[in-house]
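**Student:** Take any residue in the sequence shown, count from 1 to its spot, add 541: that is its number in my numbering.
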Amino acid sequence: EPLHPAILRLIRRIVEGGHEAGIPVSMCGEMAGEPMYTYVLLGLGLDELSMNAASIPRVKRIVRKSVAYEAKEFSGSLLAHGTAEEIGKILRRKLEELFPEDRF
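(1) By a C-beta neighbour count over all protein chains shown, 10 Å radius and 16 as the cutoff for buried, is G570 buried or exposed?
(2) Would you call the CB atoms of L544 and A625 closer than 7 angstroms?
(3) Give a single yes or no on whether V608 has its beta carbon closer than 6 angstroms to a heavy atom of the ligand FAD.
(4) Going by beta carbon distance, what residues of the same chain come within less than 7 angstroms of I603, once the five residues before and after it are set aside?
(5) Can you tell which of A573, L636, E542 has the C-alpha that lies nearest to the C-alpha of S596?
(6) Under a Cβ-count criterion, where at least 16 other Cβ atoms within 10 Å of its own Cβ denotes burial, should A609 be classed as buried or exposed?
(7) Take the Cβ of S567 as the centre, count every other Cβ of all protein chains shown within 10 Å, and call the residue buried at 16 or more, exposed below.
(8) Would you kindly work out how many angstroms separate the C-alpha atoms of E638 and I564, rounded to a whole number?
(9) Expressed to the nearest angstrom, what Euclidean distance is found between the alpha-carbon atoms of G629 and R605?
(10) What separation, rounded to the nearest whole angstrom, lies between the Cα atoms of G559 and L585?
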C-alpha cells in the first residue's frame with residue numbers, strides 16, 4: 542500500500558539521506574506515474590519521477606500547479622496519521638481542492 546505511513550516515512554528517509562550525501566533521488570514505477578501520489582512525492586522531496594508516457598501529462602500538470610513548500614508541509618502532516626486509508630481520504634480531499642479539474 543503506497544500510502545501506508547511506514548512507506549511514506551521510508552521514502553522521506555531515503556530522500557533525506559540522498560540529499561545529505563549530495564545525491565539526487567528519483568523514483569520510477571507505478572507510484573511515480575500515479576497522479577494521486579504526485580503531490581505527496583513532490584512534498585517528500587523526490588527530485589525526479591520516471592513513468593510511462595501515458596502518465597506524463599497529468600503528472601506534469603500537477604507538478605507545475607504545485608507549490609513545493611506547501612506540498613512539503615502537507616506531506617509531512619500526513620505522517621502523523623496511522624493508516625493508509627486515513628491518509629488516502631485526506632489526500633483525496635486536498636487534491637480535489639487543489640486540482641478540481643482532475644479526478645482522483
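Idealized CB from N, CA, C, for every residue including glycine.
**Tutor:** Let me lay it out:
(1) exposed
(2) yes
(3) The ligand FAD is not part of this structure, which contains no ligands at all.
(4) P576, T579, Y580, F640
(5) A573
(6) exposed
(7) exposed
(8) 33 angstroms
(9) 22 angstroms
(10) 12 angstroms
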